[in-house]
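Just below is one structure, and these are the notes that go with it.
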Amino acid sequence: MSETTLLGLCGSLRMASVNRLLMREAGRHFGAPMVEADLRLPLYDGDVEAAGMPEPVLRLAAQIAAAEAIVMACPEYNKAPPGVLKNALDWISRVKPNPLAGKPVALVSATAGRAGGERAQTMLRAMLAPHRARALGWPEVLVGNASEAFDAEGRLLDARYQTALSGLMERLRAAAR
Ligand SMILES: Cc1cc2nc3c(=O)[nH]c(=O)nc-3n(C[C@H](O)[C@H](O)[C@H](O)COP(=O)(O)O)c2cc1C
117 MSETTLLGLC GSLRMASVNR LLMREAGRHF GAPMVEADLR LPLYDGDVEA AGMPEPVLRL
177 AAQIAAAEAI VMACPEYNKA PPGVLKNALD WISRVKPNPL AGKPVALVSA TAGRAGGERA
237 QTMLRAMLAP HRARALGWPE VLVGNASEAF DAEGRLLDAR YQTALSGLME RLRAAAR
């Protein structure tokens with residue numbers, strides 16, 4: 117039997133991103149190799165779209181279409197999801213048919229603040245509604261004080277976060293069937 121295909125979308129572009137660490141930890145719990153999408157897309161511009169869908173957007177759309185499950189790591193910027201994710205979702209909404217429709221999606225967040233990006237994650241869930249993605253509602257994975265949450269190998273230190281992440285990935289695997 118072939119392995120379930122998991123695609124990771126990280127809303128932070130920086131190398132040392134705690135959200136990327138969390139996304140990779142989610143991938144380990146999922147138990148299948150994870151492809152990491154590149155969200156360095158041009159800013160959405162209708163004139164650019166009219167001239168032809170940019171190649172990185174088409175690549176992302178194809179990766180989403182090929183994935184059986186998706187994990188989105190959502191940083192919180194000023195109590196909202198980062199523009200990187202919003203921009204990617206806006207581009208993807210212009211691809212017909214929308215490859216996110218019906219896809220099971222797990223959301224995870226890591227932030228400097230104590231609330232772990234709860235507000236941003238709630239907004240991201242609402243942003244996914246027009247895409248008709250199947251965003252899982254629980255367990256919520258919201259890692260606060262994230263600069264101290266991982267060890268040198270990028271593993272989550274707190275057993276409670278590991279339990280929540282494991283439960284979320286188990287549900288994602290079940291939803292991908
Ligand atoms: C523009 C900006 C806005 C931020 N706003 C918030 C915020 O609203 N809440 C929060 O907990 N952390 C906030 N932070 C801190 C981020 O949680 C922290 O930088 C985190 O490491 C970013 O995620 P990353 O490591 O995956 O890039 C903000 C950081 C930046 C750069």
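Just so you know, my numbering puts 202 at position 86 of the sequence shown, and the rest follows in order with no gaps.
Ideal Cβ placement from N, Cα and C applies to all residues, glycine included.
Separation of residue j from residue i, as counted between CA atoms
i      : j      : result
Trp254 : Leu159 : 31 Å
Leu240 : Arg271 : 25 Å
Leu129 : Arg156 : 8 Å
Ser263 : Ala228 : 7 Å
Pro172 : Ile180 : 12 Å
Asp274 : Ala280 : 10 Å
Gly233 : Ile208 : 23 Å
Leu138 : Asp206 : 24 Å
Proximity to residue i [Cα-Cα], best of the options
i      : options                        : result
Leu223 : Leu176, Leu125, Leu157, Met188 : Met188
Ser133 : Ser209, Glu192, Val151, Met285 : Glu192
Ile186 : Ala265, Thr121, Leu258, Arg136 : Thr121
Asn135 : Val164, Ala182, Leu201         : Leu201
Ligand 1 heavy atom lying under 7 Å from the CB of residue i
i      : result
Lys195 : yes
Thr238 : no
Arg175 : no
Arg210 : no
C-beta neighbour in chain B for residue i, strict 8 Å
i      : result
Arg276 : Judged by its chain identifiers, the structure shown contains no chain B, having just a single protein chain.
Extent of the continuous beta strand (DSSP E) to which residue i belongs
i      : result
Met150 : 150 to 152
Ser225 : 220 to 226
Bridge partners - residue i, DSSP secondary structure assignment
i      : result
Arg250 : Pro220
Ile208 : In DSSP, Ile208 forms no bridge with anything.
Gly124 : Glu152, Val187
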